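There are 2 protein chains.
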Amino acid sequence: MQLSKATPKSERKKALDEYILKKRLKSTKQRDIIFDEFFNYPGQHVTVEELYEKLKKQNPKIGYATVYRTLKLFKECRLAFERNFGDGRARYEPVKFEGEHHDHLICIGCGRIIEFANLRIEQYSREVAKLNDFEVLNHKLELYGYCSSCTRKRDK
Amino acid sequence: MQLSKATPKSERKKALDEYILKKRLKSTKQRDIIFDEFFNYPGQHVTVEELYEKLKKQNPKIGYATVYRTLKLFKECRLAFERNFGDGRARYEPVKFEGEHHDHLICIGCGRIIEFANLRIEQYSREVAKLNDFEVLNHKLELYGYCSSCTRKRDK
DNA sequence: GTAATATTGATATTGAATTTCAATTTGTGA
DNA sequence: TCACAAATTGAAATTCAATATCAATATTAC
Ligand SMILES: [Mn+2]
Ligand SMILES: [Mn+2]
Ligand SMILES: [Zn+2]
Ligand SMILES: [Zn+2]
Numbered sequence: 064m065q066l067s068k069a070t071p072k073s074e075r076k077k078a079l080d081e082y083i084l085k086k087r088l089k090s091t092k093q094r095d096i097i098f099d100e101f102f103n104y105p106g107q108h109v110t111v112e113e114l115y116e117k118l119k120k121q122n123p124k125i126g127y128a129t130v131y132r133t134l135k136l137f138k139e140c141r142l143a144f145e146r147n148f149g150d151g152r153a154r155y156e157p158v159k160f161e162g163e164h165h166d167h168l169i170c171i172g173c174g175r176i177i178e179f180a181n182l183r184i185e186q187y188s189r190e191v192a193k194l195n196d197f198e199v200l201n202h203k204l205e206l207y208g209y210c211s212s213c214t215r216k217r218d219k
Numbered sequence: 064m065q066l067s068k069a070t071p072k073s074e075r076k077k078a079l080d081e082y083i084l085k086k087r088l089k090s091t092k093q094r095d096i097i098f099d100e101f102f103n104y105p106g107q108h109v110t111v112e113e114l115y116e117k118l119k120k121q122n123p124k125i126g127y128a129t130v131y132r133t134l135k136l137f138k139e140c141r142l143a144f145e146r147n148f149g150d151g152r153a154r155y156e157p158v159k160f161e162g163e164h165h166d167h168l169i170c171i172g173c174g175r176i177i178e179f180a181n182l183r184i185e186q187y188s189r190e191v192a193k194l195n196d197f198e199v200l201n202h203k204l205e206l207y208g209y210c211s212s213c214t215r216k217r218d219k
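The listed protein sequences correspond, in order, to chains A and B. Per the working numbering: the first sequence = residues 64 to 219. Per the working numbering: the second sequence = residues 64 to 219.
Written as structure tokens, this is what we have:
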């Protein structure tokens, strides 16, 4: 299905339900609960562990493996991105709208992450791919450094 | 020390020796052996395991931990890059000359890796950083997709 | 409802990265 | 050359996130 910009939750739910139907998977309480928690999670780029801890408060019986598998499912049906910022644990974030793409500035001081999308960069990436006869499916651009407040602290 | 473009091995060796002196580390046979093997390694982007296996043939007594630690040392003194292409194992490659930087096209079909450097992309990255008041120290751009021969195979 | 199939969650396993530690090697300076 | 302090080595143990296992349970199609 087509997700419009700033996909409301109901549309996401529909997309998930369609995927479950298509793949002959099953709707479960757990998937609903994790769905709600994930798409309402206040922070960006949550780890499995973080989401699991949050979920356990309301649902002490939920298992880590289920959270892990459900986030993989969201990724599979393109409702979530999996990210790896080099700290050795995968992070997940909702896809904001169908086909969305963005990249990241990552502060190595405080861990702050800023998202951006730059058309020029995308354009030149495509050029590089073409030049090398590559069919690019996705890409990852991460800028590592210090955010303004960490720069200030360091200058002192 | 300043490395000139296409740093010859002797210059790299000097740089390493200087770093060892500065940090009050010690010169060892093992470090020399690993140095030789790493900077002469025929493939790009070698894993610790791969280099270790190669080294063991001539030096059965060398330990995995030593190879691991020595590659970290090369990284520390900026003679090597550590890469992570998403297959769960770190890879190392020689820095070609001081301050060198390049990015990667990665074939998810056959694992082929093509290196590139694109000044425009670097330039726009800097712009993005500036816009967000970020002091960027390094960045990583990876384009994932299919190389020409894998595209051909898939089209059949 | 029944049967087939998928899911769950506790637990075990995997595998790369990293640490530990006793034995050894190296650099320093008398 | 010698002795001491400090760093290094290599085998083995540990860590830790990711993933697999599997019996019990839940869901779906008929
Ligand atoms: Mn993001
Ligand atoms: Mn490279
Ligand atoms: Zn910061
Ligand atoms: Zn290929």
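Note that beta-carbon positions come from the ideal geometry of N, C-alpha and C, so glycine has one too. Every value quoted in this text rests on a predicted model; they were computed, and no experiment measured them.
Tell me the DSSP secondary structure of residue 295(B) in three-state form.
The structure shown does not extend to residue 295(B), since chain B is modelled only from 64 to 219, so the question has no answer here.
Spatial neighbours of residue 66(B) within its chain, please: C-beta separation below 6 Å, excluding the five flanking residues on both sides.
Stepping through the second sequence from its first residue, residue 66(B) is reached at position 3. Low per-residue confidence applies at residue 66(B): pLDDT is 48, beneath 50, and the placement is therefore not dependable, though the value from the model is reported in the following sentence. Excluding residues within five positions, the ones whose Cβ falls inside 6 Å are 74, 160 and 161.
What is the DSSP secondary structure of residue 219(A), reduced to helix, strand or coil?
The residue you call residue 219(A) lines up with position 156 of the first sequence. Three-state result, residue 219(A): coil.
Just to confirm before moving on: does the CB-CB distance between residue 156(B) and residue 146(B) stay below 8 Å?
Within the second sequence, the letter at position 93 stands for residue 156(B). Within the second sequence, the letter at position 83 stands for residue 146(B). Contact flag set, yes.
Classify residue 81(B): buried if its beta carbon has 16 or more other beta carbons within 10 angstroms, exposed otherwise.
On the second sequence, position 18 is the one that residue 81(B) refers to. Classification of residue 81(B): exposed, given that the 10 Å Cβ count is below 16.
CB contact below 8 Å: residue 110(B) versus chain A:
By 1-based counting over the second sequence, the position of residue 110(B) is 47. Output row for residue 110(B): interface = no.
Residue of 112(B), 105(B), 213(B) and 85(B) minimising C-alpha distance to residue 169(B)
Locating residue 169(B) in the second sequence gives position 106, where the first residue counts as 1. Selected option, being the one with the closest Cα: 213(B).
Looking only at DSSP bridge pairs, what is residue 143(A) linked to?
Position 80 of the first sequence, counted from the first residue, corresponds to residue 143(A). According to DSSP, residue 143(A) bridges with 157(A).
Does ligand 4 have even one heavy atom less than 7 Å from the beta-carbon of residue 207(B)?
Looking up residue 207(B) in the second sequence gives position 144. Not under cutoff, so the answer is no.
Within-8 Å CB hit, residue 199(A) to chain B:
The residue you call residue 199(A) lines up with position 136 of the first sequence. Interface residue, yes.
Please list the partners that residue 162(A) has in chain B, where partner means a Cβ-to-Cβ separation under 7 Å.
As a working mapping, residue 162(A) is identified with position 99 in the first sequence. Correct list: empty, because the minimum Cβ distance to chain B is about 16 Å.
Mind listing the chain B neighbours of residue 210(A)? Cutoff is C-beta to C-beta under 9 Å, in chain order.
Taking the first residue of the first sequence as position 1, residue 210(A) is located at position 147. The answer, in chain order, is 195, 196, 197 and 198.
Spatial neighbours of residue 203(A) within its chain, please: CB distance less than 6 Å, with the 5 preceding and 5 following residues excluded, ordered by chain position.
Residue 203(A) sits at position 140 when you count from the first residue of the first sequence. For residue 203(A), where only same-chain residues beyond five positions count, there are no Cβ hits under 6 Å.
Rounding to the nearest angstrom, what Cα-Cα distance links residue 177(B) and residue 109(B) in this structure?
Taking the first residue of the second sequence as 1, we reach residue 177(B) at position 114. Taking the first residue of the second sequence as 1, we reach residue 109(B) at position 46. Using only the alpha carbons, I get a separation of about 14 Å.
Short CB-CB distance (under 8 Å) between residue 219(A) and chain B
Taking the first sequence and counting its residues from 1, the one referred to as residue 219(A) is at position 156. So no, residue 219(A) is outside the interface.
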